[in-house]
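Residue numbers (this note's numbering): 114 to 189. Backbone N, C-alpha and C fix where the C-beta goes; we use that ideal spot for every residue, glycine too. What follows is one structure encoded as C-alpha cells, with my remarks underneath.
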Amino acid sequence: MNNIGIGIFLVLFGFSYSQTYCAGDQISLEHQNSPLTVGAGFEDYNVGDDLFLSDFNGDLNGGSYSIIFVEMSASW
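Here it is in C-alpha cells:
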C-alpha cells in the first residue's frame, strides 16, 4: 500500500513540472539561444542542422519578426 502512495505522489509531482510554457507565454532568451536539432528538413534547414528560435526574433536577427507555431509529436 505504501508503494502505491509513493507511486501516485511521483506521478503527480512529475506532472507539475512537465510543462515549462503554456499558450501565450514568451520564450526566454536562454531557451531561444539553445540549439534545437532539425528532425525533418524544410526550406533553409536540413535534417541534423541546428535551429535557434532566436533566428525568428526580430530584436535579435536584424528586424525580421516572425510568428511561429511549434508542434512536437512522437509516434511510439
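For a test of your reading of the model: does the CB of residue 138 fall under 6 Å from any non-hydrogen atom of the ligand NAD? Yes or no. No copy of the ligand NAD appears in this structure; indeed no ligand is present at all.
My understanding is that residue 174 touches residue 167, with C-beta atoms under 8 Å, so please give their C-beta distance in whole angstroms. 7 Å
Beta-carbon within less than 6 Å of residue 163's beta-carbon, same chain only, minus the 5 sequence neighbours each way: which residues are those? 148
Rounded C-beta distance between residue 181 and residue 169? I'm assuming under 8 Å. 5 Å
Residue 182 in three-state terms, based on DSSP: coil
Residue 155 - DSSP class collapsed to helix/strand/coil: strand
Distance, residue 115 Cα to residue 135 Cα: 34 Å
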